[in-house]
Structure formats: structure tokens, C-alpha cells
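Taking it in order: structure first as C-alpha cells, then the write-up.
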Amino acid sequence: MIIGTAGHIDHGKTSLVKALTGTDTDRLPEEKRRGITLELGFAHLPLPGGQVAGVVDVPGHERFVKAMAAGAGGVDLAVLVVAADEGVMPQTREHLDICRLLGVKAGVVALTKADLLEGLGEDWRALVEADLVALTTGTFLEGAPVVPVSSRTGAGLPELKAALARAAATLPRRPAEGPAFLPVDRAFTIKGFGTVVTGTLLSGALAVDDAVALLPAVAGARPGPFRVRGVQVHGQPVTRVEAGQRAAVNVADVQTEDVHRGMVLTRSGELPETSMLDVELTLLPAAEAPLPKRRKLLLHLGTAQVEATVALLDLDSLPPGETGLAQLRLESPVGALVGQRFILRGSRALPGRGATVAGGRVLSITPPRRRRGASTVVRPLLEADAAGQVAWLLKQAGYAGLTQTELFGRSGLSPKVLARTLELSGAKGQVLLVDRDRRLYVAQDVFEGLRQRSLALLAAFHEREPMREGLSREELRQRLSAQLDGRLFQRVVQALVDSGHVEAEKDLVRLQGRGRTLTLGDEAARTRLAAELSAAGLAPPTVTELSQKLGLVPAKLQELLKVLVSAGTGVRVSEELCFDARALEELRGRLVAYLKEHREISTQGFKELVGQSRKFTIPLSEYFDREKVTLRVGDKRVLRRG
């Protein structure tokens, strides 16, 4: 479990963490000099009952709210720190808003510098307490204990630890079986070990020797996968770290300069990086104006900060306090997790400046660019159960489908739940396992759509080219989609054959009962063409000559030649020459007999055997080579064996 501090600058957050844990989380020289926290600080805190919590101390200064957002992204339990001598201040409100938007569910209010209360009088204390009630009403801290503490004297520290332990007991565990997801907040080098990254594991688990990746990938850097060399939790070596724990992970073969805050450490192959997110978005009630249909804001997601265009889905604007659906289109890719919380801040001259205006949760991590009407597509994710989530993802994936590993990363479901969901959905005919080796699935609706499109394409083909026997399988696949998985296509064709809608013959497919159909005119032209080839024997006219002699346009002649070849009465020897099949078969017999007797034949000998000029003998000799009747050896040919 992770405890995070929140509150205005100089209200004593770091002093409180040091008093509770014995750790000074101000680690930068500038922090020591200025007396304020500029970066995230970390410690661990044993609680009554034996639980050990990680503590994230975050900055309170307005310019460093981005660090606060990074720290709060992994917080389970918040300690809202309010100084007794100042009460509620601007960053107190903003930090509480950030915690709410990031989905923090429980917490405690620490009234620090309590040793000053006696000198301030009862009226002041009553005023501070009234402000706290007003601040927390309607939030996860409504009714939470307010514990006066003094970091200087130690008063109230045992009571604060007890309050934290009671609040912690009510919290659910983070999903240890989901995709591994550790937003990186620090990276450094330890001599003899190499690169170490630290962060809070928000989901899943990581273990020594796991193959991991860093998202997003860095151009020019080694892409991975990398090996986990070692893991530490609270400074102690462990073999495995689970969701909800802060960890330091020693990653082999990674250069420290290639790792930065904002990256995500995940198991290799589980999650893709993305530049687009479908989200549920809430605009803060205190926002100065409605959020317009399009607006650029700074996205804080995990430890990442990136400019995003917020595009509302089917809304002209989002009023303060309201929730709607939106798509975030990012300036640069990030690693993201379904269900992950985020905040959006105004973008001013300096990165990270501007007020917190909105926040929400991620619904899908690799969506296409959404158009008008997209809210009806995305809305089912708000209440989807496991089966609904899987069905939605597969429908969105279309013909490409998704592997079980891809479904795991994009749904966040545990492996057991996902496997059971796929099994039940398959039994109900809602999903189809296309490739057992890759565990590739498609939605049954998508499969049915492919069947219907195939029938429509074949019908159009028969109307367009009535003299062709059928469409080649590859041509049909290309017309459906060049990226269509081969095994999925074979399943579609087999389903059409099994249902009696389609006939398949070798490489050709056609609608049942369809195929070549000739008009009376076509049949007459075919008869004349066959007679012309038969009469010509081994000296047929070229295609060009046939077109002129028979008065047929080239396209029509080519189709009729295909009819003859398919029927076995013609043989296409070259692009320009088609021979009568009986004449060619008679020549084959004479050639084989000659070779059996003489063992070889020269070019001149073959010319004499054919009784025609080189115009015909060269294409014929090459044809018999292709047909594996003869084998060329130098300037002669021999009978090919076998």
C-alpha cells in the first residue's frame, strides 16, 4: 500500500514524513537550501498490525504540481496536510482535487504544527476545523479523522499511525494478476549493477529474470526486451514485487540516459505504446468555464506529462462538475493502462503551470481516431463486464483480431478471468479462435461480416467476368483485405463451402452453381477460335493475328482463350501463342519417343521434329522444359527422369 502526502507548500509534509518514518525525503541540495520539496521523496512506514506502507512525499509549490500528480498516481491512501497556523490554502484545494480525480478512495487529515494551537486560541481552531469540513464535504475525506500532530514534539504521531492503519484496512488490494505496469519516477546507475528504475507498481507483478520493456521506446536506443536483474522493496532484496508496492528494479542492458520519468516498465509484449486514449472525463466544479469541444491541455498520466488535444465525443462543451466521454490525442506516445486515472491541467508559458481543470480514467488504450457518433461506440465500456469488454475489443479490432496476450494488455483482466471469458464466449458463439498456435481471436460478428462480404464479392465477380471459372483464393483475400490473416481467410472459405454457398476447386472459388457462362455469340466465337487453332496445328496465329482474323477485341479473345485452356482444348505456350491441345500432345509423344531412342536432341533436331520455324520451336522447347518433359544440357536437351 502507498500513502501519499498532499497539501500546501510549507505546511510540514516533509517534516511529518521524517517524524513518522525517520527518513528525510528532501534529497536534493536545492531542497535543503530552500527548505521546500521540489521532487518526489520516498520512505517506508511500519503501521500498527504489522503492515509496511510506502510513503510518497510530494511537493506543494504550484510550479511543482506536476510532480505531485506523478506521485499521487500510485497513491492508495492520502494524508492531507494542513498547518494549524494557516488553515486551508490554494494548493490544499488543488491537491485534494488531484487526489479525487486520480481515484484516491480514503485518507486522513493531519493538522500539523499542532503545538501552535494553544497560542492561537479556540476561535482560530474552530475556524480551521470549519474550513476543513467545508473543504472535504462531498469528497473521499468527508468524515475522515482529523488528527492534530506536531513533528517537532512528536505529539499525535501514534494517533496518526493508528488512523492510517484503520483506513488502510478498508482498502482493496491492487490487481496483482493484471499487466505489469510501473511508471518510472527515477532512474540512476549503481556501480557494478547498472541501471535502476524506481516507481510504484500500479498493476501486476514483476520478478527477477522477467523479460521487460520500457514504453515509449526511445529512437536509436536498444528496443529490448531487457532482463530484470534484481528487485528491492523498502531497501530489501526480494524475488518478486506486486501491485501496490514501491520498488527499485535493476534492469540489465539498459543505458540510464535512455530512461526518464514518464516511461513505464512493463513485461515484454504485454502492452503497446499509444498516442490515443478513449477516456471518461470529469471537469472540476470549480472550473472557470465549460470545456470546449476541442482544447489543448497538459496530460498527467502516471509519471508522464504530455500535451494532449482533448476532443469531446458528441458534446459541444462539458459544463463544470459534469462527466462525459472524450478522446485524448497525444503529442507523443505513452504507456497507459485501462482503468488508469489521469489529470489535465491548463498549459501556460512554462510546462506544468496552470490550474488543474479535469481528470478521469482511461477506457481504451489503442483506439482509432473517433468521429461523430463515437460516444455510442465508447459508452458500453463504462459498465462492461469481462465478457462485454472482450467482445468490445474484438469488435474494434475487426479483421485483424487480437491474440490472447493482446487482449490481456488491452483489457487489464487477470489471465484466469480472461481465459474463462474466452472459453465461455467461444461456447456461446460470440468469439472465434482462428489460430490455435498464436491464440488469435476474432469476434463472431466480424467473421460473419467477412462471410457476407465474400459472397458479395463473388457475386460481383461472376456478373463482371462471366467467362471465368472462378476467382482465385488469393485474389479474393486481397479484395477482402491485404492484411487479412491467412488462417482466418481459410476459415471463412471453409465455412462458406460447408454451408453450401460456395464451391472450391483447387485454387479457385465460386458461388454454388455458378462459373463460366457463355452467350450464344460467345459460344460461336469460341467454336471458330478452336477450329482456327486445330487447323493451324503447330503453327498457330499469334494472339494479335487471331484478334484481327476473327474480328474479336483483344479482351474478348483473351477470355475465350482462357475458356479453351480451362476446357483442355487449348494450351497457352507463351504470351502470344496458344496451341491446339491435340497437336501439342501428338508432338510430346514424338519428342519422348525420339529422346528414348537417341538420348538427346539438338536445337536443329527439335526444329526438324516440329517442322516449323524458330518462331514456334523456341517457345515450344521452353514449354517442354517448364513441363519437365525435357532438361536443357548445354545446347542440347535430354529426357527428364521422374
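Residue numbers (the UniProt record's numbering): 1 to 642.
Beta carbons are placed, not taken as given, at the ideal position from N, Cα and C, and that holds for glycine.
For residue j and residue i, the rounded distance between their alpha carbons
i	j	result
Arg477	Leu484	7 angstroms
Arg186	Gly429	47 angstroms
Ala78	Gln51	16 angstroms
Asp253	Arg479	45 angstroms
Pro368	Val509	34 angstroms
Ala387	Val56	36 angstroms
Gly4	Asn250	24 angstroms
Thr544	Ala525	16 angstroms
residue 720	Gly537	Residue 720 lies beyond the range of the chain shown here (1 to 642); nothing can be said about it.
Arg353	Leu424	Because Arg353 carries a pLDDT of 47, less than 50, the predicted location of this residue cannot be relied on, and no value is offered for it.
Leu560	Asp437	44 angstroms
Phe461	Leu546	27 angstroms
Lys191	Val109	41 angstroms
residue 644	Ser203	Any answer about residue 644 is impossible in this case: the structure gives the chain only from 1 up to 642.
Leu215	Ala248	17 angstroms
Gly521	Glu505	27 angstroms
Gln255	Gly220	12 angstroms
Coarse secondary structure for residue i, derived from DSSP in three states
i	result
Gly22	coil
Ala482	coil
Pro29	With a pLDDT of 44 at Pro29, under the threshold of 50, the modelled position of that residue is not reliable, and the figure given next carries that caveat. Note: Pro29 maps to helix in three-state DSSP.
Phe616	helix
residue 646	It is not possible to answer for residue 646, since the shown part of the chain is limited to 1 through 642.
Gln232	strand
Gly107	strand
Gly7	strand
Lys13	helix
Thr153	coil
Ala83	strand
Thr256	helix
Arg173	coil
Glu129	helix
Arg100	helix
Glu94	helix
residue 646	The requested residue 646 is not part of the displayed model; the chain covers only 1 to 642.
Gly143	coil
Ser425	helix
Ser275	strand
residue 691	Absent from the structure is residue 691, since the part of the chain shown begins at 1 and ends at 642.
Gly71	Low per-residue confidence applies at Gly71: pLDDT is 48, beneath 50, and the placement is therefore not dependable, though the value from the model is reported in the following sentence. Helix, per DSSP.
Rounded distance between the beta-carbons of residue j and residue i, thought under 8 angstroms
i	j	result
Pro320	Leu281	Incorrect: roughly 12 angstroms between the Cβ atoms, too far for contact.
Thr603	Glu576	Going by Cβ atoms, the distance from Thr603 to Glu576 rounds to 20 angstroms, so no, they are not a contact pair.
Leu117	Val149	Rounded, the Cβ-Cβ distance is 11 angstroms, inconsistent with contact.
Leu141	Val88	That pair is no contact at about 12 angstroms.
Arg341	Leu297	Not really, about 15 angstroms apart at Cβ, beyond 8 angstroms.
Leu102	Gly359	7 angstroms
residue 653	Leu312	Outside the modelled stretch of the chain, which goes from 1 to 642, sits residue 653, for which no answer is possible.
Ser317	Leu301	Not confirmed; about 23 angstroms, so no contact.
Thr139	Arg100	6 angstroms
Leu330	Ala308	5 angstroms
Leu511	Val502	6 angstroms
Val362	Val259	About 23 angstroms separates the two Cβ atoms, so there is no contact after all.
Ser454	Leu496	6 angstroms
Ile343	Ile98	6 angstroms
Close Cβ partners of residue i (< 6 angstroms) along its chain, the five nearest in sequence each way excluded
i	result
Phe579	Pro540, Val571, Val573
Arg227	Ala252
Leu457	Arg479
Val17	Thr25, Ala43, Val55, Asp57
Glu242	Ala176, Ala205
Glu183	The sequence shown places Pro at residue 183, rather than the Glu named in the question. Excluding sequence neighbours, Pro183 sits near Gly199, Val264, Gly302, Thr303.
Leu315	Gly324
Sequence-distant residues of the same chain with beta carbon closer than 7 angstroms to residue i, five excluded per side
i	result
Pro48	Lys161, Ala162, Ala165
Thr274	Pro333, Val334, Ala336, Ile365, Thr366
Pro223	Ala217
Thr170	Ala106
Ser411	Val338, Gln389, Val390, Leu393, Leu418
Gly12	Val81, Ala83, Thr112, Lys113, Ser151
Tyr594	Ile601, Leu609
Tyr623	Val573
Residues near residue i in its chain [Cβ-Cβ closer than 8 angstroms; skip 5 each side]
i	result
Ser414	Pro175, Glu177, Gly178
His234	His44, Val52, Gly54, Arg246
Leu127	Gly87
heavy atom of the ligand NAP below 7 angstroms from residue i C-beta
i	result
Pro368	Absent from the structure shown: the ligand NAP. Ligands present: none.
- Message: Ignoring anything shorter than 3 residues, give me the beta strand (DSSP E) runs that lie fully in the segment 550-628, in order along the chain.
- Response: 570-572, 578-580, 600-602
- Item | Contiguous beta strand (DSSP E) assignments of at least 3 residues, all confined to the segment 283-339 | 294-301, 304-312, 323-335
- Item | Secondary structure, beta strand (DSSP E): runs of 3+ residues fully inside the segment 458-544 | 502-505, 508-511
- Message: Please give the ranges of any alpha helix (DSSP H) in the segment 358-413, keeping only runs that are unbroken, at least 4 residues long and fully inside the region.
- Response: 374-378, 386-397, 404-411
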